[in-house]
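Going left to right, the sequence shown walks through residues -19 to 440 as the numbering used here numbers them. Think of the CB as a built atom: it goes at the ideal place given N, C-alpha and C, for glycine as much as any other residue. Report on the following structure.
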Amino acid sequence: MTSGPDLFGAAAQDGPTPDAALPPLAVRMRPRSLAEVRGQADVLRVGSPLRRLIEGSGGRAGPISAILWGPPGTGKTTLAHLVASAAGREFVELSAITAGVKDVRAVMDQAARNRDLYDRQTVLFLDEIHRFTKAQQDALLPGVENRQVILVAATTENPSFSVIAPLLSRSVLITLTSLSDNDIREVIEAAVTSEGGLAAAYTLGEEAREHLVRVSGGDARRALTALEAAAGVAEDLRGVRGDDAATSITLAAVEQAMAQAAVRYDRTGDQHYDVASALIKSMRGSDVDAALHYLARMLEAGEDPRFIARRIVIAASEDVGMADPTALQTAVAALHAVAQIGMPEARIILAQAVVHNALAPKSNSAYAGINAAIADIRAGKGGVVPAHLRGSGYAGATRLGHGAGYVYAHAEPDGVAAQQYLPDDLHGETDYYRPTDRGFEARLQERWTWLRTRLRRSET
-19 MTSGPDLFGA
-9 AAQDGPTPDA
1 ALPPLAVRMR
11 PRSLAEVRGQ
21 ADVLRVGSPL
31 RRLIEGSGGR
41 AGPISAILWG
51 PPGTGKTTLA
61 HLVASAAGRE
71 FVELSAITAG
81 VKDVRAVMDQ
91 AARNRDLYDR
101 QTVLFLDEIH
111 RFTKAQQDAL
121 LPGVENRQVI
131 LVAATTENPS
141 FSVIAPLLSR
151 SVLITLTSLS
161 DNDIREVIEA
171 AVTSEGGLAA
181 AYTLGEEARE
191 HLVRVSGGDA
201 RRALTALEAA
211 AGVAEDLRGV
221 RGDDAATSIT
231 LAAVEQAMAQ
241 AAVRYDRTGD
251 QHYDVASALI
261 KSMRGSDVDA
271 ALHYLARMLE
281 AGEDPRFIAR
291 RIVIAASEDV
301 GMADPTALQT
311 AVAALHAVAQ
321 IGMPEARIIL
331 AQAVVHNALA
341 PKSNSAYAGI
351 NAAIADIRAG
361 KGGVVPAHLR
371 GSGYAGATRL
381 GHGAGYVYAH
391 AEPDGVAAQQ
401 YLPDDLHGET
411 DYYRPTDRGF
421 EARLQERWTW
431 LRTRLRRSET
């Protein structure tokens, strides 16, 4: 448990610091004011609950506890520190990994003393609140409800499933998003030039910078950690030199630091479409190894996993279709799971969906069928809806003959009503859907043949 007014530790110290005592670059570059925060413009807009909490806005509306939900490296800890920086607030930090009910109660008791004796508010920052049990979260309720503490809790998991409802109802839920590429670039460039960072002792090449941006995945902490490691590698590669020239951090230094080769992939250029196309065609061609290869290339290049998931869903319907209807179920489940979980675990879910698509038997019958139907519509085919199929649930419909003669399928012994369904100009001449003899669809062929014969009795 940490407490006290020194929110930024060594990041706020002046003068040189021995290497052994030097805090990580990500800590040294932690924003100390709202102006230094990158990203999260929506939740930090003027008048937003989080901004009011940070600025210590007065009035009859007092400070409200907050739960910060977002991926790693999006500023949850930073924002908690900024909340505490408002005048006269005491800051206490707990980690749900090591803290228990006893620690929570100790904070509450001290917070009550601070409020009653010194008229000081206490900000309790609880990291990884999703790791707290229900009983541990229950211990927070009295202090939060009575505003004995201002709770700022951080979590990477959906609070709807990991935080108890009474605590959610007493707090505002603030959703943080991964930083944009431009935000990450600004973070990196500030770290290279800032006196608190690398102090312009290094230069960073464009290729190296862009690689850091790609592999960070919108995580500022990851970007800064990788940058610091790359600076160390560059220093070693340079060796001892007598001049004071800045050390160049190259792409090779970044790759060596991260043990990860730069993937030649441009998310906005030809490579984006070429690799995505190769993934889809490899699944269609049933080459599971090639499909996993292109999936890996996209992921390692920092492609949005949600984009990949959407392509997999389309392929499951377009290329697998009725030959294995469960492929679409797997793909849709992957789409939702990826949105909830994020990287790096999303790679496992995407891989399962890709493997399913690649190994499944293939049919594009549904895809070809809807295209053929659309082609007929665009060609002007398709007359009026047959009278017996028209809606009859409104006044005057019966007088117009709507619904007259309609045969209710469930009243038929075999559940199939042999009557005209298509408009006159298409009736008896149209076979949009033609099943293949592959996979599950082969089992549908016999029923499809029987249905066509049964339904077309109405033609004679």
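DSSP three-state assignment for residue i, whether helix, strand or coil
i, result
"tyrosine 274", "helix"
"alanine 188", "helix"
"isoleucine 357", "helix"
"threonine 440", "Residue confidence for threonine 440 is low, a pLDDT of 47 falling below 50, so the modelled location carries little weight and cannot support an answer."
"alanine 134", "strand"
"valine 152", "strand"
"alanine 15", "helix"
"alanine 239", "coil"
"phenylalanine 112", "coil"
"glycine 177", "coil"
"aspartate 267", "coil"
"threonine 378", "coil"
"aspartate 413", "Reading the sequence as shown, one finds tyrosine at residue 413 and not aspartate. In the structure shown, tyrosine 413 sits in coil (DSSP, three-state: anything other than H, G, I, E or B)."
"glycine -11", "Only weak support is given to the placement of glycine -11: the predicted model assigns it a pLDDT of 44, under 50, and the question is left unresolved by the model."
"serine 262", "helix"
"tyrosine 401", "coil"
"lysine 56", "helix"
"aspartate -6", "Low per-residue confidence applies at aspartate -6: pLDDT is 47, beneath 50, and the placement is therefore not dependable, though the value from the model is reported in the following sentence. Three-state result, aspartate -6: coil."
"valine 365", "coil"
"serine 297", "helix"
"histidine 336", "helix"
"glycine 198", "coil"
Cβ pair residue i, residue j closer than 9 Å
i, j, result
"isoleucine 292", "leucine 330", "yes"
"glycine 36", "arginine 69", "yes"
"glycine 381", "alanine 397", "no"
"alanine 289", "valine 318", "yes"
"glutamine 20", "leucine 62", "no"
"glutamate 280", "valine 193", "no"
"leucine 178", "leucine 5", "yes"
"aspartate 411", "lysine 361", "no"
"tyrosine 413", "histidine 407", "no"
"glycine 185", "serine 228", "yes"
"leucine 74", "phenylalanine 105", "yes"
"arginine 150", "serine 45", "yes"
"valine 103", "valine 129", "yes"
"aspartate 394", "asparagine 337", "no"
"tyrosine 347", "glycine 301", "yes"
"arginine 18", "arginine 25", "no"
"alanine 303", "glycine 419", "yes"
"serine 142", "aspartate 199", "no"
"arginine 10", "threonine 78", "no"
"arginine 127", "proline 3", "no"
"alanine 210", "alanine 180", "no"
"isoleucine 144", "glutamine 101", "no"
"alanine 34", "serine 65", "With the sequence shown as reference, residue 34 is identified as isoleucine, and alanine is not the correct amino acid for it. It is a contact, given that the beta carbons lie within the stated cut-off."
"aspartate 107", "alanine 133", "yes"
Exposure label - residue i; buried when at least 16 CB within 10 Å
i, result
"phenylalanine 71", "buried"
"histidine 191", "buried"
"tyrosine 182", "buried"
"proline -15", "Because proline -15 sits at a pLDDT of 42, beneath the cut-off of 50, its placement in the model cannot be relied upon, and the following sentence gives the value as read from the coordinates. Burial call: exposed."
"isoleucine 354", "exposed"
"proline -4", "For proline -4, the predicted structure reports a pLDDT of 47, less than 50, and the residue's modelled location is therefore unreliable. A value from the coordinates is still provided. The residue is exposed, with fewer than 16 neighbouring Cβ atoms inside 10 Å."
"arginine 423", "exposed"
"glutamate 125", "exposed"
"arginine 432", "exposed"
"alanine 391", "exposed"
"proline 285", "buried"
"tyrosine 274", "buried"
"glutamine 320", "exposed"
"lysine 342", "buried"
"isoleucine 350", "exposed"
"threonine 54", "buried"
"leucine 308", "buried"
"proline 324", "exposed"
"alanine 296", "buried"
"asparagine 94", "buried"
"leucine 231", "buried"
Sheet register partners of residue i (DSSP bridge)
i, result
"leucine 74", "Leu106"
"threonine 183", "Ser228"
"isoleucine 47", "Ala133, Leu153"
> Quick one: any contact between the segment 328 to 347 and the segment 303 to 318, if contact means 3 or more CB pairs under 8 Å?
Replying inline: yes
> Do the segment 161 to 173 and the segment 194 to 204 touch if we need at least three Cβ pairs shorter than 8 Å?
Replying inline: yes
> Are the segment 386 to 404 and the segment 257 to 276 touching, with three or more C-beta to C-beta distances below 8 Å?
Replying inline: no
> Between the segment 81 to 90 and the segment 46 to 55, do at least 3 Cβ pairs fall closer than 8 Å?
Replying inline: no
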